[in-house]
Amino acid sequence: MSRLIDEPVKVHQSNDSIITAFIWRKRLYRVLDVVGWWREPSDWWNGKPVRFFIRVNAQNSSTGTYELYKLGGQWFLSRVLD
Amino acid sequence: MDFIHLHVHSQYSFLDGASSLDKLLDKAASLRMPALALTDHNRLTGAIRFYSKARAAGIKPIIGAEVDLDGGYHLTLLCKNADGYSNLCRLITQAHLSNRDRKPEATREMLRNHSSGLIALSGCSKGEIPAFVAEGKRDKAKEAACFYREVFGKDFFIELIRYPSREGVSDSYRLASFAKEDNLPIVATNNVHYAEIKEYRIKELLNAIDRIIPASQLEGYRTVEQYLKSQQEMVKLFRDLPEAIKNTEEIASRCNLELELGKPRFPKFAIPEGESDYGYLRKIAFAGAGRKYGSLSDSIKDRLEHELDTINKLGFCSYFLVVWDIARWAKSRDIRCQARGSAVDSLVVYALDISNVDPVAYNLLFERFMHPLRYEPPDIDLDVDRRRRDEVRDYIYQKYGAENVACVGTINTYMARGAIRDIGKALQIPKTIIEEACNGIHWLSASRLMEYADTLPELKHSTVYKKKELADFFKLCTAIDGFPKHLSVHLGGLLIGSGKLSDLVPLEWSGGGDIISQYDKDDIERLGIVKLDLLSLPTLTVIEDALNNIKQSRGIDIDIEKIPRNDPAAFSILRDGKTIGTFQLESPAQREMAGRLLPNRFEDIIVSISLVRPGPLKSNMDKDYLPRRHGKEPVKYLHPKLKNALGETLGVILYQEQVLKVAHDLAGMSYAEADGFRRAMTHERTEQEMEKMRDSFISRAVGDGIRKNIAEKVFEQLAAFAAYGFCKGHACAYAITAYQTLWLKSYYPAEFLAAVLSNQPMGYYPSRVLAAEAKRFGVEVLPPDINNSSDRYAVEKGAIRVSLKQLKGMSEKALESILSARAERKFTSLRDFVLRTDVSQPILENLVKVGAFDSLGNQDNLLLQLPKLSELKHKVIRGTASLFEDTALEADTSPDFSIDDRKSRLFIERELLSLDLSAHPLDFCDSDNGITKMRDLPSIPAGRRVKLVGSVIRYETPPTRSGKRVVYVIMEDGTGIADVTVFSDVQEKCGQVLFRERWLTVKGKVQRRGQKATSIIAEELYPLSRTERSVVNVNSGVQF
């Protein structure tokens, strides 16, 4: 099961561009590992670009799985997997 | 470890692959890939050029295809060797030919029969095994795997494709585990459809076009991952399965196809027992020459021996026999058939009666056609009477067997207009915008669309190209420039194999039901397969029809090959530009040349045909030649030795054959060497190559006693000319046909123009212009008549009777019904016609309206009778009325709604016959508004300003020396033709009108070149005035 969120987040990346943490609703989530990544085709005929997704295990008060995507330089939290 | 892409689609996966071969190979080269496969859907169309291009790029080409199987499954096949290539050709051919009008499908039986030399990969997600595994049907997957392993043995692999997605790559894991269980080898591919990730949009767009749906409604799996990934990306994707990566190398190492390109493969001609090809060819060539020349002089004997020796040494005897046999068969059935092109330079071709041009009389050089240093298949193109071309084609099929003959395929590709229309539809761009964008676009390449939109006057005022919201749309249009849309039949090209064609060439059905090669003519040539161009030439049909017309109307039997070639009457109409309808001499450029050249001998026609070409005109050859021809400039030669080569053209180089002679006479080259020299200069060459040729020519000329400065000057002339010269042999062949039409038109205008009208569409001018030309030649053109018109235009007491076929909507069935009923007895009334023929009501009504029944009654009354007659006919058919019932119909008189009004009649003629018989729309314009009639132009002094009004027949934009576009507009006004020249400044000013309006008002100056060539230099172009428009558009119903 997953919950659709689609809210902007702030992402911390290491020098080699690996996501180490993100901030969502003012709370910091530390990335433990990257579970997967993919790119999704968009409605390009409406001018929308390809979206790059990343699925991570991250920890706040507890550990969870989160899907983030990048669009035009801005990162978004797409969904939270229960 | 190297990863090799083994499953790659290019643009030749029609409307699925989104990258050109060049793009794929460039990317592969930039990624340092040692090998690359090409596996287009069910076709090898791109294979030959891929093979050559990949090798040139230092990449090992692996040829294959993704074939559709019974049940819609896919299978990836790769050729290990020549045996595998042949099997793939056979398999693809069978898959296509056994499924006419449906998608090609290979059966298991076909796979079993053609597996040798092929490697099979289980395919994409549409593969049989991957599909069964994904559906959880492991038993079925096992059964399929068993079959493939049995057929392909160790050359069968499970293909793993991984496109990262939200769902992961679970299918690939399941498939890998299936392979492991069954002990099947695995291999990684990426089912590549484009070189770069961003091109996924193009792929989706092409798919939408293919399915005729908007891109937004594309259903099914979508991905952006089908790009040519780097080795690192692929290794990373399959890091858990290194074997899958390693096996790509293993498979690539097994694929070592060597295609023998360029080696001619001739069909075998069956010769009499005990004869050799050479011996037989020699025998018939000498016999033919004897018939042509009587006793053979030593020089003719020597030339024949020389040509035969060359043909024999090159191994082409069989090919000459094949062509000789075809031409002989055609002529034995009175089918006009003759060679064109450089083959006409050969005495053997003339002696075999393949050509009607005597190469000795016209000083033609065999080496321009063939010589030992030019080892490539000979090319004898045959022009055949259009109406009977299929008879000749059928003979070839019957003689060589249907399995050994096919039509050459041609690839129809996207240009600007098609791209705008198809992409516009896929992106749901409003129709009005698409129409506006297409308006003014004709033959423009899509890749330069935006450049044209900025520069061409007819486009740059259009607002659509400037709309920001459409920028991406136009960018997509440019991206598919040159992409294949479909395969069709090449005009004329026939393949004759040396064995079964499908061993070497994949074949499929064309839309029209012909079997065609998947390779185009260039790749066919690369493969060395003999291609015979059997071209339909409507002019030959016209000549045949004209001769028949003359025989019928005047009882004169003419042998057109024996007419005198210096008839003053023929040259008179040529000089006066009255050449509409003739072969090669009717274009505005030719008419203008005739007015300047003032031809009075046959050789002038050869010159004219050679001069009026983009190249010679661009290089101003006409300006060098014409003053000498008219004695206004002295004939000079840079060296006396040039007189032999250039004497016939007064010291100016006009023909390619002359380059050979100059190089031979001045630099001591053999003719074969000289042709190599000519070809080298014709092709694109580097400065260094040019310098090398220059040095060689000059040093050899100097060695032969020519002064260096003279040798240098001659070389410069040759260099300037070489790219533009015309083959004299070809010009001779065309000049003979052109002259024959000229002669026929000058002596028998009615018979000739009736023949031209019967064979429309052909040539430059539509029927109404040809009919107007007949009137100018004093020949009346009569409307169709139900008792006198036939299926062709006929000559009736010196006038031309319009054919019944000219009627809009006339069907073959109706025509046949009319002609067969009339063959029994003429029609006596409309009632008689209705009861004895099977003609639909709309056709019948149209026949009455155009006056076809005028000899049988009043048109209005006849029209009023139609419903009653139709009812009567139905009753007769149902048996509820007798043929003799209701005779009162004949006497039925009605109020007189006379349509005998000239405007209405003209409206009907234009609408239903596309002719202006009774009048011309401009006859109804006010003649006192300063408009000049086109017939008066020849008598108006040069420089005078005139105003013309007329309809546009066609636009032309030939290349120019300066590179600036000049537009030639051919117009007519019913009294004559005007050739209007529009230079760039007027194009700028009047861009909105050019190419858009079909009726124009032109203001300009009369220009006269030479004594007789008249044209108008446009100063202003504008649409017709409201009044004029109302006349031509409303009253006469002119439709565009």
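Chains as they are written, first to last, in my numbering: chain A, 70 to 151; chain B, 25 to 1064.
Ideal placement from N, C-alpha and C gives every residue a C-beta, glycine not left out.
Owing to the predicted nature of the structure, the values given are computational and were not obtained by experimental measurement.
Boundaries of the beta strand (DSSP E) around threonine 100/B: 98-103. For chain B, the residues of the segment 115-140 of chain A that bring a beta carbon within less than 9 Å of one of its beta carbons are Asn115, Gly116, Val119, Phe122, Arg124 and Glu136, in chain order.
A direct Cα-to-Cα measurement between valine 91/B and isoleucine 182/B gives close to 16 Å. No Cβ-Cβ contact shorter than 8 Å links cysteine 361/B with valine 432/B.
Per DSSP, reduced to three states, the secondary structure at tryptophan 348/B is helical. Ile1041/B is the residue among Ile1041/B, Asp107/B, Pro945/B and Val993/B whose C-alpha sits nearest the C-alpha of glycine 967/B. Sequence-ordered contacts of the segment 238-272 of chain B with chain A read Pro238, Ala239, Ser240, Arg246, Thr247, Val248 and Glu249 [C-beta pairs closer than 9 Å]. The beta carbons of threonine 63/B and histidine 33/B sit about 7 Å from each other, so the pair counts as a contact at 8 Å. Across the set Trp114/A, Val100/A, Trp107/A and Gly105/A, the C-alpha of Val100/A shows the shortest separation from the C-alpha of phenylalanine 91/A.
Taking 8 Å as the cut-off between beta carbons, the residues of the segment 190-215 of chain B near chain A are Arg190 and Gly192, in sequence order. For proline 188/B, the chain A residues whose Cβ falls inside 8 Å of its Cβ are Gly105, Trp106, Trp107 and Arg108, in order along the chain.
In this structure, the beta-carbon distance from serine 189/B to tryptophan 144/A does not fall below 8 Å.
In summary, glutamate 996/B is buried, with 16 or more beta-carbon neighbours lying within 10 Å of its beta-carbon over all protein chains present. Taking a C-beta cut-off of 9 Å against chain A, the contacting residues of the segment 451-464 of chain B are Leu451 and Gln452, listed in chain order.
The beta carbon of tryptophan 113/A sits closer than 8 Å to some beta carbon of chain B.
Within the segment 645-731 of chain B, the complete alpha helix (DSSP H) segments of 4 residues or longer fall at 645-653, 667-670, 680-691, 695-706 and 711-727, listed in chain order. Per DSSP, leucine 480/B is not a residue of any beta strand (DSSP E), being assigned neither H nor E.
Under DSSP, serine 71/A takes part in a beta bridge, and its partners are Leu150/A.
Taking C-beta atoms as the reference points, leucine 145/B and threonine 100/B count as a pair closer than 8 Å.
Burial check for aspartate 333/B: the Cβ neighbour count within 10 Å stays below 16, so the residue is exposed. Proximity of the segment 750-758 of chain B to the segment 714-731 of chain B falls short of the contact definition, fewer than three beta-carbon pairs being nearer than 8 Å. The bridge partners DSSP lists for glutamine 1031/B are Ser1039/B. Using beta-carbon distances, tyrosine 218/B does not count as an interface residue toward chain A, since no partner is under 8 Å. Put simply, of Asp151/A, Tyr98/A and Glu109/A the residue whose alpha carbon is nearest the alpha carbon of tyrosine 138/A is Glu109/A.
Per DSSP, reduced to three states, the secondary structure at threonine 63/B is strand.
Burial check for histidine 510/B: the Cβ neighbour count within 10 Å stays below 16, so the residue is exposed. In terms of CA proximity to glutamate 460/B, Arg445/B leads the group Arg625/B, Ser356/B and Arg445/B.
For tryptophan 467/B, the three-state secondary structure derived from DSSP is coil. For tyrosine 224/B, the residues of chain A that pass the 7 Å Cβ criterion are Pro110, in the order they occur in the chain.
The shortest C-alpha to C-alpha distance from proline 965/B to any of Thr981/B, Ala1037/B, Arg902/B and Ile1001/B is the one to Ala1037/B.
For phenylalanine 180/B, the enclosing beta strand (DSSP E) has its first and last residue at 180-185. When Cβ pairs closer than 8 Å are counted between the two stretches, the segment 538-548 of chain B is seen not to touch the segment 390-399 of chain B, the count staying below three.
One Cα belongs to leucine 794/B, the other to phenylalanine 801/B, and the distance between them is close to 11 Å. Taken atom to atom, the span from the alpha-carbon of valine 874/B to that of tyrosine 75/B is near 60 Å. Within the same chain, Asn463, Gly464 and Glu482 come within 8 Å of arginine 1020/B by CB-CB distance, once the 5 residues on both sides are set aside. Looking only at Ala309/B, Pro612/B and Asp960/B, the smallest Cα-Cα distance to leucine 598/B is reached by Pro612/B.
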